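Presented below is the structure to which this report refers.
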Amino acid sequence: MSRIFPPHSWPSGYHEALRIQEDLVQRLRFEPLTGPVETIGGVDISYSKKSRRMYAAVLVFDYARMQVIDEGTWIQDETFPYIPGMLTFREGPAATRAMEKISIRPDVMLFDGHGIAHPRFCGTASHLGLIWGIPSIGVAKKKLVGEYTEPDPEAGSATELIYKDRVVGRVLRTRTNVKPVFVSQGNRIDLDSAVRVVLACCSRHRLPEPTRRAHLRVNELRRKAEG
DNA sequence: GCGACAG
DNA sequence: ATCTTGTCGC
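Each residue of the first sequence is one higher than the last, beginning at 2 in the numbering used here.
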């Protein structure tokens, strides 16, 4: 039994959130990214514990030039606490409102967090990519679940992230001699395609440009609103 | 009970 | 995310 959860209705309790993840995970699909990628989106959320406010930004880039061509932002109060494995219910509401403000739908989207490298194989990148209807990739700075061996120090080196006998992602060295990032399938993309896209966005920094720039943008929003 | 634990 | 000083290296 599966259904499509309304994008603008979010759960307030843990158990309802759990049921939603178990429902949505059945709808995830992982296939090679077909067709040319001309635009790519980056999403990030920032929140201040003090004001309990959230700042969201969705940036759309021209993939070839890696320049911003569209932007959507949103500010609101917190509606859900931070619980490992439930990040999408904390960030989803504000991220979705920011998403509604862009006019160019990106061909693929990068998230600051995991895709299927998640306790129930339904992290933020998978969840939001699914309800937004856009191929998505998870790029996290730290592990949530799984086991792996350290990749070689050269840019491009990678090892598998294994969880419950499944390959749920890749530990990828995006730049030489920097800490690796955790790349995982969000939805409508396979792991090889995901890694290829992430590497293409990391010519100058450890994190891919779309999420890196979205992060700078939300911090700018917060500074402007709070100080 | 103990350790792990995206942002 | 937030708390926090200095510091090593491209």
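Just so it is clear, CB atoms sit at the ideal spot from N, CA and C, and this is done for glycine as well.
What you are looking at is a predicted structure, and each value in this text was computed from that prediction instead of being measured.
Where does residue i sit, in a helix, a strand or coil, going by DSSP?
{"i": "E72", "result": "strand"}
{"i": "L173", "result": "strand"}
{"i": "E32", "result": "coil"}
{"i": "S137", "result": "strand"}
{"i": "V61", "result": "strand"}
{"i": "I41", "result": "strand"}
{"i": "E227", "result": "coil"}
{"i": "E92", "result": "helix"}
{"i": "I117", "result": "coil"}
By Cβ distance below 8 Å, which residues in the same chain neighbour residue i in space, the five residues on each side in sequence not counted?
{"i": "S49", "result": "R223 and E227"}
{"i": "A118", "result": "G124, G139, A141, K144, L145, V146, G147, L162, Y164, V169, G170, F183 and S185"}
Which residues does DSSP list as the beta-bridge partners of residue i?
{"i": "V182", "result": "L173"}
{"i": "Y48", "result": "M55"}
{"i": "Q27", "result": "None; Q27 has no bridge partner."}
{"i": "Q77", "result": "M55"}
{"i": "E161", "result": "R171"}
{"i": "M110", "result": "G42 and S137"}
{"i": "E148", "result": "I163"}
Go through its chain and collect everything with a Cβ distance to residue i's Cβ below 6 Å, but skip five positions before and after it.
{"i": "M2", "result": "Because M2 sits at a pLDDT of 38, beneath the cut-off of 50, its placement in the model cannot be relied upon, and the following sentence gives the value as read from the coordinates. Contacts found: none."}
{"i": "K225", "result": "none"}
{"i": "G187", "result": "G116, A126, S127, G130, S137, I138 and G139"}
{"i": "P120", "result": "G86 and V146"}
Kindly give me the distance between the Cβ atoms of residue i and residue j, rounded to whole angstroms, as I take these residues to be in contact under 8 Å.
{"i": "E39", "j": "D108", "result": "6 Å"}
{"i": "T160", "j": "V172", "result": "5 Å"}
{"i": "F90", "j": "T212", "result": "Actually they are not in contact, since the Cβ atoms of F90 and T212 sit about 20 Å apart, beyond 8 Å."}
{"i": "T80", "j": "W11", "result": "7 Å"}
{"i": "A126", "j": "G134", "result": "Not really, about 14 Å apart at Cβ, beyond 8 Å."}
Please return the same chain residues whose Cβ sits closer than 7 Å to the Cβ of residue i, not counting the five positions on each side in sequence.
{"i": "I5", "result": "Note that I5 scores 47 on pLDDT, short of 50, meaning its location in the model is unreliable; the coordinates nonetheless yield the value given after this. Excluding sequence neighbours, I5 sits near nothing in its chain."}
{"i": "P85", "result": "L145"}
{"i": "L19", "result": "none"}
{"i": "A99", "result": "A57, A58, V59, G73, T74 and W75"}
*Ranges of the alpha helix (DSSP H) found wholly within the region 188-215, counting only runs of at least 4*: The qualifying runs are 192-201.
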